[in-house]
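Structure first, then comments.
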Amino acid sequence: MYSVLIVGYNSANPANNSIIVTRDASTGSISSEMIDCPIPDIVQYAPATRVGDTVYVFGGCNNGDALTISDKVWGQVERQGPWPEARWFHSAFSLDGMLYIAGGCGVRDCWCYHPDTGVWTQMPDAPEGFGLSATVEVGDTVHFIGSEWNMQMHLTFSVTGGWVREPDLPFQCMRAGAVCVDEDIYILGGYCTPSQVWHYSTHAREWSVAGQLPIPARQCRACLIGPRTVLVCSDTQMMVGDVS
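When we follow the working numbering, the leftmost residue of the sequence shown carries the number 1, and every step to the right adds one.
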């Protein structure tokens with residue numbers, strides 16, 4: 001079984017703003033389960049990030065919400081010490097068992113949350129502001145692809161190497177989905193190329209076209225729901241397919 005948590009307004013059950021979508025690996029069948037969620041539907045562009053047995057959501061305001069996967073119960077992150085300012089359009093990711101948030105509308109700072117201590121630590125700022133970037137982890141490095149304000153932006157971040165500005169993209173990108181398969185990156189949809197799938201070889205450091213989506217997705221998120229099977233969730237529909 002492969003499961004993914006989707007947080008935000010959904011037309012199937014507007015009363016609950018979180019849903020778990022599960023794919024049976026043997027049959028390929030898709031099922032879903034609604035979960036009571038305290039996050040109001042006015043909160044938008046707030047990424048959900050898994051760290052261990054917990055999924056964290058920070059954004060839209062400066063609250064932190066957390067879902068414990070084992071019992072499917074939401075709670076709030078207790079405030080203590082320094083705390084990031086409210087933001088949206090930002091990226092969130094997990095490295096070395098920590099939660100990171102970076103960028104967003106009007107900010108380019110980066111923060112690290114330590115689940116064991118409940119404390120936020122401010123990290124070095126990104127080299128430029130970014131938002132609505134396709135964000136994907138490849139090993140110990142996180143890639144930020146495209147931005148609302150620089151659609152050819154490509155940044156990377158690692159704990160040991162910090163921020164690095166990579167060569168510009170050969171295409172324009174924002175509001176796209178991203179997944180990592182075999183240490184390669186796939187960018188799916190987005191405002192500029194809503195039907196396109198792009199492939200990036202992290203070893204050759206080269207981009208190429210990898211196919212087309214069956215339905216355009218101008219604003220979407222993507223995640224793996226199998227070894228090479230991707231769930232793309234846009235503002236109008238969900239689709240499932242394999243990347244090659």
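All residues carry an ideal CB built from backbone N, CA and C; glycine is no exception.
Close Cβ partners of residue i (< 8 Å) along its chain, the five nearest in sequence each way excluded
i: V181; result: L224, P227, R228, V243
i: A178; result: A134, T135, V136, H143, I145, I185, Y186, I187, L188, A222
i: Q76; result: P38, N63, G64, D65, A66
i: M238; result: V21, L231, V232
Sequence-distant residues of its chain with Cβ nearer than 6 Å to residue i (five each side left out)
i: S18; result: V7, I35, C37
i: L132; result: F89, E148, M174, R175
i: K248; result: Outside the modelled stretch of the chain, which goes from 1 to 244, sits residue 248, for which no answer is possible.
Residue from the options whose Cα sits closest to the Cα of residue i
i: Y191; options: A210, L169, M151, G162; result: M151
i: Q163; options: Q196, H203, E128; result: Strictly speaking, residue 163 in this sequence is Trp, with Gln absent from that position. The candidate whose alpha carbon is nearest that of W163 is E128.
i: L213; options: F171, P82, S91, T193; result: T193
i: V119; options: A102, W83, R50; result: W83
i: S208; options: T141, V240, T236, P170; result: P170
i: E78; options: T27, T156, Y56; result: Y56
i: H114; options: A217, F130, L95; result: L95
i: D116; options: D53, G161, Q219, A102; result: D53
i: S61; options: V43, I69, V51; result: It is worth fixing the name first, because residue 61 is Cys in this sequence and not Ser. Measuring from the Cα of C61, the nearest candidate turns out to be V43.
i: E33; options: L5, S70, R165, S195; result: L5
Strand pairing of residue i, partner residues [DSSP]
i: R50; result: V55
i: F130; result: In the DSSP output, where bridge partners are listed per residue, F130 has none listed.
i: F171; result: DSSP, once it has assigned bridges, lists no residue as partnering F171.
i: G211; result: V197
i: W149; result: DSSP lists no partner for W149.
i: D242; result: T229
i: G64; result: F58
i: Y2; result: R23
i: R165; result: L155
i: I187; result: A178, W198
Span separating the alpha-carbon of residue i from that of residue j
i: S158; j: A210; result: 27 Å
i: A86; j: I20; result: 26 Å
i: E206; j: Y200; result: 6 Å
i: D168; j: F58; result: 29 Å
i: C105; j: P124; result: 17 Å
i: A92; j: H154; result: 16 Å
i: R108; j: Y100; result: 13 Å
i: A126; j: S31; result: 39 Å
i: T27; j: Q122; result: 45 Å
i: S3; j: Q172; result: 31 Å
i: T49; j: N16; result: 19 Å
i: C112; j: A102; result: 9 Å
i: P216; j: T236; result: 10 Å
i: Y9; j: D41; result: 5 Å
i: T141; j: T156; result: 7 Å
i: C220; j: G81; result: 34 Å
i: A46; j: W74; result: 15 Å
i: N68; j: S234; result: Here residue 68 turns out to be Thr, not Asn, going by the sequence shown. If I take the Cα positions, the gap works out to 25 Å.
i: V197; j: C110; result: 29 Å
Other residues of its chain near residue i: CB distance less than 7 Å, five sequence neighbours each side excluded
i: V138; result: C180, E183, I185, T202
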